[in-house]
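Last residue of the sequence shown? That's 173 in our numbering, and every number before it is there in order.
By construction, the Cβ of each residue, glycine as well, lies at the ideal position given by its N, Cα and C atoms.
Bear in mind the structure is a predicted one, so any value in this text is a computation, not a measurement.
Comments concern the structure below.
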Amino acid sequence: MLGHNGSPHPLRDTAISLDLAARSCAERGLRFTPLRQYVLEALLVAGRPLGAYDLLRLLGERLGRDVSPPTAYRALAFLQHHGFVKRLESCRSFVPTIRQTAPETVDETVDETAGESGVFLICNSCGTTVEIDAEGLGPMLLSHARAYGFRVNHSSHELQGTCETCQSKGAKP
Ligand SMILES: [Zn+2]
């Protein structure tokens, strides 16, 4: 997954990530249409979370024509469902999350993200978003919820604050 181990996703990784996504789709018999590819590419190049309107504008520029919101949303929904993109609840925007290997089986009754251990660190100053692996966090939260008889169908782990670079520039959290 991009950005794991605390490393940000640099621009040069865009081509590699797109290639990874294309291969993952091929292996799973999914269609990686040009629009789906452009949406993922825009998110990878941006290097920060993009809201739906930013994305529509970038797609329009890339394709030289307007893309209707439902069309863009369908592409986003596809990318989200198959684990290429994640929606950040706290800032209503999207970030790429490329998986090296797709989950073998998906329990449709439980959200794919429910047991995830990934935590997003979101910088409020520059928008840089990094996904780190907080091993065991997702399962731990799920077991706590289960102890209360609670059935989780969605969870989101996001921490907002100031990145190291912005801190060194003196940005306030
Ligand atoms: Zn920052």
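query	result
Using a Cβ-Cβ cutoff of less than 8 angstroms, which residues in the same chain neighbour L58 once the five nearest sequence positions on both sides are dropped?	A42, A46, L50
The beta strand (DSSP E) spanning F150 covers which residue range?	Per DSSP, F150 belongs to no beta strand (DSSP E) and is neither H nor E.
Helix, strand or coil for F120, going by three-state DSSP, please let me know.	strand
Please state whether DSSP places E158 in a helix, a strand or coil.	strand
Which value, in whole angstroms, describes the spacing of the CA atoms of C163 and Q80?	25 angstroms
Which first and last residues belong to the alpha helix (DSSP H) in which P70 is found?	69–81
Taking only runs of the alpha helix (DSSP H) that begin and end inside the segment 15–62, which ones reach a length of at least 4 residues, in chain order?	34–46
Would you report the Cα separation of S90 and Y38, rounded to the nearest angstrom?	24 angstroms
Closer than 7 angstroms to a non-hydrogen atom of ligand 1 - does that hold for the CB of S168?	no
Among the candidates A22, F78, L18, S125, whose CA atom is the shortest distance from the CA of G170?	S125
Leaving out five residues before and five after Y148 in sequence, what residues of the same chain have Cβ atoms less than 6 angstroms from its Cβ?	none
So, at 7 angstroms on beta carbons, what are the nonlocal neighbours of L30 in its own chain, with the 5 sequence-adjacent residues on each side left out?	H82
Would you mind reading off the limits of the beta strand (DSSP E) that contains S93?	93–96
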